[in-house]
Amino acid sequence: MTKIKSVRTRAWNWTGPTVPPKGNFCTNASDVLWDKGDAMSSFRFHNWLTCEIETEDGTVGIGNAALAPTIVKKAIDKWYAPMVIGEDPFDYAYIWEKMYRRSHAWGRKGIGMTAMSAIDLAIWDLMGKLSSKPVFKLLGGRTKEKIPVYYSKLYAGSIESMQAEAEEAKKNNYQGYKMRFGWGPKDGMAGMRENLKRVEAVREVVGYDVDLMLECYQGWNLDYTKRMLPKLAKYEPRWLEEPVIADDVEGYRELNAMNIVPISGGEHEFSVIGCKDLIEKKAVSVLQYDTNRVGGITAAQKINAIAEAFQVPVIPHAGQMHNYHLTMANANCMISEYFPVHDVEVGNELFYYIFEGDPDAVDGFLDLDDNLPGLGITISDKHLEHFEIEE
Ligand code: MG
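Just so you know, we're using my numbering here: the sequence shown kicks off at 316 and counts up by one.
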């Protein structure tokens, strides 16, 4: 038995070239505010946190988190790391519960849970490496030959550019496509028409034999969504994602109960109990927790069990290895979100610049290696000149 010796955190701040944001790029929760400038600014995340946990025998597990990295780093360094050092990584359930209960007054959502998630991921990576097995083999094993993936980008832009992007993506036979809305409540009827035109345009390219997902990123409200749902129905969306802010669980429940388009969400929800509420209240038809926010793999597996019992499919938010391992190991996770590799834009794609090992989608599917221990990623040094790193 080897014990945890050290916890190392690094906040990575991208200073390299970025794609400049365009107007109506996508809606977000700040849209309702008086727009004093760049409303997307707080939703661009050009930084990331890595958390490396080393055991006495020199094995290193790698975890990561993308929310507020510099603040999460402080929470790990000052609060959580001392609780983890000296523990046996295979006591992961105890370690999780200790972190949770000793930060319960302030940490059960947001920064605290994100810090716990990064640590938990590193611990699962460690357990895989120490037992010479890929993480999915510790979680239930292979439930699929390969993981089907859906293409997730298509930010709002000109109709021509969105159709061209969809046409290009189609060459890789994705099993679905997700597009973003660029107009919301403050844009009135004219904005509604802009949104609808783009759904129609993308459907025209991808056809009706694959799933089309629609993303609001918390930028709509209840009234607007109620008016939009009947207009969207004829395009047969697979789901409408995060139409209202994450705290409005009752709003999600009401929209989902309308039974016009399945409502999805959960990427801004935290912990087992937070997700249990969404499931139990039938607030979402598809649950999309993000493993590096929700409480790591330890929490995700408990949530998966609840969701499966309620027959709510789970499709974790974002690409990334930790989500793929869970998807591979759970029959109730039938498809993965896939961010294509491209220049740094909103930040979703930044993990490709920090880690090596994330699988490419080939012909609409990706696979995990049965013989690669742990999560299967390493920290890359290829793009170091484009990062400012806070140790
Ligand atoms: Mg989303």
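Just so you know, even glycine gets a beta-carbon here, dropped at the ideal spot from N, CA and C.
Quick caveat, the model's predicted, so the values are computed rather than measured.
For residue i, the first and last residue of its enclosing beta strand (DSSP E)
i	result
Met528	526-530
Glu721	Here the chain covers residues 316 to 706 and nothing more, so residue 721 does not appear.
Tyr466	462-467
Phe702	702-705
Gly580	578-580
Glu652	651-653
Leu555	554-556
Classification of residue i by the beta-carbon crowding that lies within 10 angstroms, buried from 16 upward
i	result
Lys393	exposed
Trp421	exposed
Pro404	buried
Arg513	buried
Lys318	exposed
Trp349	exposed
Gln626	exposed
Met442	buried
Gly522	exposed
Pro335	exposed
His632	buried
Pro545	exposed
Ala408	exposed
Thr693	exposed
Alpha-carbon spacing of residue i relative to residue j, whole angstroms
i	j	result
Ala646	Thr458	6 angstroms
Pro449	Asn686	7 angstroms
Asp696	Ala326	15 angstroms
Ala516	Val576	19 angstroms
Asn379	Trp554	28 angstroms
Ala561	Val347	15 angstroms
Gln470	Gly503	According to the sequence displayed, residue 470 carries Tyr and not Gln. Approximately 20 angstroms, taken between the alpha carbons.
Ile434	Leu511	42 angstroms
Val659	Cys341	16 angstroms
Asp678	His657	18 angstroms
Glu509	Ser473	10 angstroms
Lys597	Arg568	6 angstroms
Leu690	Gly662	21 angstroms
Range of the contiguous alpha helix (DSSP H) that encloses residue i
i	result
Ser432	426-445
Phe666	666-669
Trp498	Where Trp498 is concerned, there is no enclosing alpha helix (DSSP H), given that its DSSP letter is neither H nor E.
Val564	564-572
Ala326	Premise fails: Ala326 lies in the beta strand (DSSP E), 319-329, not in any alpha helix (DSSP H).
Glu412	407-416
Ala380	Taken as a continuous stretch (DSSP letters only), Ala380 belongs to no alpha helix (DSSP H), being part of the beta strand (DSSP E) at 375-380.
Leu270	Outside the modelled stretch of the chain, which goes from 316 to 706, sits residue 270, for which no answer is possible.
Leu712	As shown, the chain starts at 316 and ends at 706. That puts residue 712 outside it, with no answer to give.
Trp421	419-422
Gly611	611-624
CB-CB length for residue i against residue j, believed under 8 angstroms
i	j	result
Gly634	Tyr653	5 angstroms
Pro674	Leu681	4 angstroms
Val464	Tyr489	6 angstroms
Ala437	Gly376	4 angstroms
Lys413	Met398	6 angstroms
Ser432	Thr642	Not confirmed; about 17 angstroms, so no contact.
Lys424	Ser586	7 angstroms
Phe451	Leu683	6 angstroms
Could you name the residues, in chain order, whose CB is less than 7 angstroms away from a heavy atom belonging to the ligand MG? Summarising the contact set, residues whose Cβ lies nearer than 7 angstroms to any heavy atom of the ligand MG are, in chain order, Glu530, Tyr532, Glu556, Glu557, Glu582, Gln603, His632.
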